[in-house]
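Residues in the sequence shown are numbered from 1 upward in steps of one, following UniProt numbering.
Glycine included, C-beta positions come from ideal geometry on N, C-alpha and C.
In this text the structure is predicted, and so the values were computed from the model without any measurement.
Remarks on the structure that follows.
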Amino acid sequence: MMMTANTCLSAIVVGCSSLSMCIFILGNDVKQISYEDLLCILRCYLGYASCAVFHYSFLLQSIYRYITVVYPFRLFWQSARFQALLICSTWIFSYMFPIAFMFTNEVIYNADNQICQLPLRFSFSIIYATFCIYAIPVSLIMFIYLKLVRYVKGMSKRVTPVNVLARAEKELRIVQRTVIIVTILLALGVPYTIIIFMSFFTNPPKYHFRIAFIFIDVSVAFMMIALFKFTDLLRTSLMRRVNGRANMVVATIT
């Protein structure tokens, strides 16, 4: 449950970061002005960091499921303390890696898109950011999923207690759901990926970030819907609270 809570928290953070960008862009568009305010660099930094935290939260869920299946008797690895250590590590890394390019004058203000960002061109910083935010967590999730599939198939061929095999298959289904969620992210993030790839050879479209931003926001929304649908404890807890408040309102009215 800690890993799921971490994903929800990171989704709130990335949502707030996206909202702040949208408000600034909309305000400038309405006023028909273009200027770099004092918080522009900060919004850029939080945008990169919050996206990384969000993606690594799904990686942590996969790692936890792998540990519970392959190392069921390593209780420390399943403890709340160890989970908290992993969560803190990903948050620290996610908020540290952008420092490599935030203070080297590589981030510029893009007047067409009304944001501060790394210029889209073939450069170490773009490749570095892409790997840290997308490539590393997604690749590791897929790798863990394949390892877990092979392990569960091996268990089914060996003489394994029914309850152990059933638990392993349950954890595998949960990892499959994580893969589905990440697939949604990849599918809706394709436009921005294409734009980044195009920038290695030619100038990107004028309003590239505005186009990509629509797909990024939609992907976060769909991922949260999928997370709510696939996480039984989260869905049950939220529905219980909603129903409880509804009953309180009805009781107050009557």
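Judged by DSSP in its simplified three-state form, Tyr128 adopts helix. Judged by their CB atoms, Asn113 and Tyr35 are not nearer to each other than the 8 Å cut-off. Contact check between the segment 74-88 and the segment 176-194: fewer than three CB pairs, one atom from each, fall below 8 Å, which does not count as touching. Residue pairing by DSSP places Asn110 opposite Ile115 in a beta bridge.
Selection Ile133, Leu140, Ile225 and Ser123 evaluated against Phe54 yields Ile133 as nearest (Cα-Cα). The C-beta distance from Cys116 to Arg210 rounds to 15 Å, too long to fall under 8 Å, and the pair is not in contact.
Pro205 and Ile195 do touch by the CB rule: their CB atoms are close to 7 Å apart, below 8 Å. Per DSSP, Lys31 is one residue of the alpha helix (DSSP H) stretching across Met2 to Lys31. Judged by beta-carbon spacing, Ser219 lies within the 8 Å limit of Leu185, meaning their Cβ atoms are closer than that value. A direct Cα-to-Cα measurement between Ile99 and Tyr71 gives close to 36 Å. Assignment of Leu227 by DSSP, reduced to helix, strand and coil, places it in the helix class. One Cα belongs to Ser199, the other to Ser62, and the distance between them is close to 33 Å.
With respect to the 8 Å criterion, Ser125 and Phe101 are classified as neighbours on the basis of their beta carbons. In the DSSP assignment, Tyr66 falls within the alpha helix (DSSP H) that extends over Cys40 to Val70. Asn203 has its alpha-carbon roughly 10 Å from the corresponding atom of Pro119. For Phe24, the closest of Leu9, Cys40 and Gly15 by C-alpha to C-alpha distance is Cys40. A Cβ-Cβ distance of about 6 Å is found for the pair Leu148 and Val69, placing them in contact under the 8 Å criterion. Judged by their CB atoms, Leu59 and Ile141 are nearer to each other than the 8 Å cut-off.
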